[in-house]
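Reading through the structure tokens given below for one structure.
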Amino acid sequence: MKNIFSLLILVVLTSTQSFANIKPLRVGVVGLTHTHVHWILGRPKDDRISIVGIVETNRDLALRYTQQHGYSMDLVFTSLEEMIAKTKPEAVTAFGTIYEHLAIVEKCAPLGIHVMVEKPLAVNLAHAKKMEALAKKYKIHLLTNYETTWYPTTHKAYELLAQDSIGSLTQLVVRDGHRGPKKIGVNKEFLDWLTDPVQNGGGAITDFGCYGVNISTWMHKEKRPLSVTAITQQLQPENNPKVDDEATIILIYEKSKATIQASWNWPIGRKEMEIYGTTGAVFADNRNDLRLRIAEGYDG
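In structure tokens, the structure reads:
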């Protein structure tokens with residue numbers, strides 16, 4: 135997660151001031167209901183960013199998190215407008231519902247405030263297009279934090295593929311997920327919207343399918359797939375009555391394919407991928423463990 139903030143700092147500084155006069159980036163945190171917010175609230179203090187304000191209407195939640203991470207409740211506001219007016223952030227990070235992302239960009243872009251949203255970018259294509267248009271019109275940076283993008287193994291796998299260590303890409307398999315939000319004990323504030331089709335835009339397909347699609351786009355050097363097939367299932371209706379909890383996405387490219395398995399039904403937590411080329415394969419088992427296998431005979 136630290137890399138997304140490094141990138142945010144870099145792009146903002148590049149567009150606003152010289153590196154000889156670097157001051158901490160003034161950052162506002164909008165929403166606390168997505169638990170990935172702990173990555174920014176709990177990051178080691180340094181002189182690169184300064185959290186100047188927090189927007190959260192749930193005072194109990196705000197109190198819990200500010201106490202947990204050592205922030206004053208004086209930083210907490212109940213509206214984005216008030217936080218902007220009183221703290222003048224240069225950038226904001228969005229950790230509320232996915233549906234709220236558009237409204238945040240609509241408010242911040244005209245003011246020249248850069249925005250980082252938690253994955254995925256938007257609940258649907260219409261929202262995404264509006265956000266893209268606003269970012270271009272007002273020349274702000276709009277970033278999406280995909281956790282697995284920053285894994286060392288993801289970058290090493292990309293490097294091995296680029297170096298032709300396994301030949302040309304033929305197949306990509308990405309598996310992400312866990313036992314399901316309720317089973318792993320997600321807090322109520324997060325669970326309430328994570329399993330809501332409007333606020334989250336879907337279930338497992340939204341929560342975990344986005345990781346694989348993002349990585350596939352990068353591994354395929356931004357090429358668009360020729361076709362996209364998605365199949366969803368609901369295997370835990372008692373826990374996820376309104377949304378899917380199992381999704382398989384198949385992306386077909388001219389000379390390769392990507393299979394993305396996003397699930398709230400894995401018996402274990404998974405964020406892994408397999409990259410197959412014409413002469414070998416790379417297995418990224420998690421953020422730190424990677425295996426390279428070169429084809430040798432029938433059994434490889």
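Quick note: the sequence shown uses the working numbering, first residue 135, plus one each step. Just so it is clear, CB atoms sit at the ideal spot from N, CA and C, and this is done for glycine as well. None of the values given here were measured: they were computed from a predicted structure.
{"Asked": "Identified DSSP bridge partners for Arg-177", "Found": "According to DSSP, Arg-177 bridges with nothing at all."}
{"Asked": "Test item: CB-CB of Gly-301 and Gly-414 under 8 Å", "Found": "yes"}
{"Asked": "Proximity winner among Leu-259, Arg-404, Ile-428, Glu-252, relative to Asn-422 (alpha-carbon distances)", "Found": "Arg-404"}
{"Asked": "Proximity of Gly-311 and Trp-400 at Cβ, strictly below 8 Å", "Found": "yes"}
{"Asked": "Touch test, the region 327-334 against the region 371-387, Cβ-Cβ under 8 Å, three pairs minimum", "Found": "yes"}
{"Asked": "Whole beta strand (DSSP E) elements within the region 219-293, 3-residue minimum", "Found": "225-228, 248-252, 276-279"}
{"Asked": "Beta-carbon proximity check, Ile-383 vs Gly-343, cutoff 8 Å", "Found": "yes"}
{"Asked": "Among Ala-269, Lys-263, Ala-256, nearest to Lys-241 - alpha-carbon criterion", "Found": "Ala-269"}
{"Asked": "Three-state secondary structure (DSSP) of Glu-216", "Found": "helix"}
{"Asked": "Pair within 8 Å by beta-carbon distance, Ile-232 and Val-164", "Found": "no"}
{"Asked": "Ile-339 beta carbon less than 8 Å from that of Ser-361", "Found": "no"}
{"Asked": "Proximity of Asn-373 and Lys-316 at Cβ, strictly below 8 Å", "Found": "yes"}
{"Asked": "Buried/exposed call for Gly-187, threshold 16 Cβ in 10 Å", "Found": "buried"}
{"Asked": "Beta-carbon separation (whole angstroms), Met-250 vs Ala-291, contact threshold 8 Å", "Found": "Incorrect: roughly 24 Å between the Cβ atoms, too far for contact."}
{"Asked": "Buried versus exposed, by CB contacts within 10 Å (16 or more), Met-207", "Found": "exposed"}
{"Asked": "Exposed unless 16 or more other CB atoms sit within 10 angstroms - verdict on Pro-359", "Found": "buried"}
{"Asked": "Cross-strand partners of Met-407 (DSSP beta bridge)", "Found": "Val-308, Ala-418"}
{"Asked": "Continuous beta strand (DSSP E) stretch holding Ile-156: start and end", "Found": "That residue, Ile-156, is in no beta strand (DSSP E); it is neither H nor E in DSSP."}
{"Asked": "Residues bridged to Thr-393 [DSSP beta-bridge criterion]", "Found": "Val-307, Ile-384"}
{"Asked": "Burial state of Pro-371, where buried means 16 or more other Cβ atoms lie within 10 Å", "Found": "exposed"}
{"Asked": "Ser-350, enclosing alpha helix (DSSP H) - first and last residue", "Found": "343-353"}
{"Asked": "Spatial distance of Gln-202 from Asp-194 (CA atoms)", "Found": "12 Å"}
{"Asked": "Boundaries (first-last residue) of the beta strand (DSSP E) holding Ala-196", "Found": "Per DSSP, Ala-196 belongs to no beta strand (DSSP E); it is in the alpha helix (DSSP H), 193-203."}
{"Asked": "Euclidean distance between Cα positions of Ser-350 and Tyr-285", "Found": "15 Å"}
{"Asked": "Beta-carbon proximity check, His-115 vs Ile-274, cutoff 8 Å", "Found": "Absent from the model: residue 115. The displayed extent of the chain is 135 to 434, so no value can be given."}
{"Asked": "Buried or exposed by the 16-neighbour rule on C-beta atoms within 10 Å, applied to Ile-394", "Found": "buried"}
{"Asked": "Buried or exposed by the 16-neighbour rule on C-beta atoms within 10 Å, applied to Asn-321", "Found": "exposed"}
{"Asked": "Residue environment, Thr-287, which counts as buried when at least 16 other CB atoms sit within 10 Å", "Found": "buried"}
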